[in-house]
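The structure appears below as structure tokens.
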Amino acid sequence: MEHNSVIEQMRQLIQLIAKHNHAYYVMDQPSISDSEYDHLFHQLKALEQQHPECIQADTPTNKVGGQALSKFESVTHAVPMLSLGNVFNQEDLFAFARRIDERLPNQKVQYDVELKLDGLAISLWYENGVLVRGVTRGDGETGEDITQNVKTIRNLPKVLASQHQAIPDFLEVRGEVLMPKQGFEKLNTDQEAKGEKTFANPRNAAAGSLRQLDPNIAASRPLAFYAYGIAQCQPNHGLETMHDSLHWLTKFGFEIAERQFLCASIEEVQQRYEQIQQERPDLKVEIDGMVIKVDSLKQQQQLGFLSREPRWATAYKFPAQAALTKVENIDWQVGRTGTLGVTMNSSVSSRTQLDFQMAV
Ligand code: IVH
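Now the structure itself:
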């Protein structure tokens, strides 16, 4: 068979398998039977055995089966992964906008409003369009190399593909790894059935899955990646706004969160916040608020950073979610110096994580 048609056939199989993986793991709606899936997989493997010179970098056949690592290597981030300041109410939000207006006199400011995804931040490096490294946020300066695990995330492009856009020589994409709610429920049901430990919430499940030294475990978990920023791009992409950068990423196969808004005023940001709070239960993923970013990349540069937080972005947190809890027992201990200690055991009826704040 001719070289090009082998590659063409491999690409078709890879795409088909990726589509069925997405239906199975992310949507939880299998689109073909297990045996049909196995058949596609074996067809691809057979082709690869006959034509090893044509093996595609993003083939799912070498996704798993990698050796378990003994530990993760440390990697220093070329561009630090910073944190965000917080606002909790309309008053704080408007004060955030006032500080921006004071620094950008007579400039119109638009806001890019995104979901604050409740997962784990990671950074992905693509060299000539091929995923070469995935790193956790760590302390923001140094993270851990989790490339093996990241390569098992099904909705994440292992090779950048675009019909209309040139592939950058180097691209570093930032985003969040999450376990969508449906996949999380299914994982817990499966774990329970196997008599294995269940996870308290999707965030813990995602964190636990990424921390596995054996990539086969991460591969069996329904993880998803949503992009929310570009740390480096060579040559420069030439885009001018946050909004455009995220849509540019989708053209290469990245998924972005299911809601994103461009707001012309801070009042509109407040409206979107209220809207999302209503829609929160219907979303596919867990969120803990919104992230408000100045949309213009030039204005972002003008605003810069204050210590380790950007002045051009903030997190607008939702009030802690209420959940029913049954207090099972309370233990009091009087310390040597007369301080009172309290331990409370409770069962949480929903799997929502609770923050207990107890003042004694
Ligand atoms: S942008 C310099 N966008 O929030 C700004 N972060 O407190 C960098 N997060 O660790 C972050 N959703 O994991 C950004 N749409 C979003 C986000 C988001 C969730 C997390 C991120 C980071 C934390 C910052």
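The UniProt record's numbering numbers the first residue of the sequence shown as 1 and each following residue consecutively.
Note that the Cβ used here is the ideal one computed from N, Cα and C, for glycine as well.
Predicted model only: the values in this text are computed from it and were never measured.
Could you check which residue in the options has the C-alpha nearest to that of residue i?
i: threonine 147; options: Ser220, Pro215, Thr337; result: Pro215
i: proline 157; options: Thr198, Gln56, Gly208, Glu185; result: Gln56
i: glutamine 12; options: His22, Pro30, Asn21, Leu44; result: Leu44
i: glutamate 240; options: Gln301, Asn149, Ala207; result: Gln301
i: glycine 208; options: Tyr228, Gly229, Ala166, Leu178; result: Leu178
i: lysine 116; options: Phe261, Val334, Thr337; result: Phe261
i: leucine 131; options: Arg221, Thr337, Asp58; result: Asp58
i: residue 377; options: Glu196, Ala193, Ala227; result: Since the first residue shown for the chain is 1 and the last is 360, residue 377 is missing from the structure and cannot be characterised.
i: aspartate 118; options: Ser162, Ala218, Phe225; result: Phe225
i: leucine 40; options: Met10, Phe252, Ala205; result: Met10
For residue i, verify whether its CB is less than 7 Å away from any heavy atom of the ligand IVH.
i: proline 80; result: no
i: serine 83; result: yes
i: valine 291; result: yes
i: glycine 134; result: no
i: leucine 115; result: yes
i: arginine 137; result: yes
i: proline 310; result: yes
i: glutamate 141; result: no
i: glutamate 255; result: no
i: tyrosine 273; result: no
i: glutamate 286; result: no
i: tyrosine 228; result: yes
Does the beta-carbon of residue i have 16 or more other beta-carbons within 10 angstroms, so that it is buried, or is it exposed?
i: proline 168; result: buried
i: histidine 77; result: buried
i: asparagine 89; result: exposed
i: glycine 140; result: exposed
i: glutamate 8; result: exposed
i: threonine 314; result: buried
i: phenylalanine 72; result: buried
i: valine 109; result: buried
i: leucine 306; result: exposed
i: asparagine 128; result: exposed
i: residue 361; result: Examination of residue 361 is not possible in this model, given that the chain is present from 1 through 360 alone.
i: threonine 337; result: exposed
i: threonine 189; result: exposed
i: threonine 61; result: buried
i: proline 202; result: buried
i: glutamine 299; result: buried
Residue i lies in the alpha helix (DSSP H); which residues open and close that run?
i: methionine 242; result: 242-250
i: threonine 189; result: 181-193
Locate the beta strand (DSSP E) running through residue i, then write down its first and last residues.
i: valine 269; result: Here valine 269 belongs to no beta strand (DSSP E); instead the alpha helix (DSSP H) covers 266-279.
i: alanine 313; result: 313-317
i: glutamine 234; result: 224-234
i: alanine 121; result: 120-127
i: methionine 290; result: 287-294
i: glycine 208; result: Careful: glycine 208 lies outside any beta strand (DSSP E), inside the alpha helix (DSSP H) at 202-210.
i: lysine 298; result: No beta strand (DSSP E) holds lysine 298; the alpha helix (DSSP H) holding it covers 297-303.
i: glutamine 43; result: Where glutamine 43 is concerned, there is no enclosing beta strand (DSSP E), although the alpha helix (DSSP H) it sits in stretches over 34-50.
Would the C-beta of residue i count as close to the ligand NAP, meaning under 7 Å from any of its heavy atoms?
i: alanine 231; result: This structure does not include the ligand NAP; its bound ligands are the ligand IVH.
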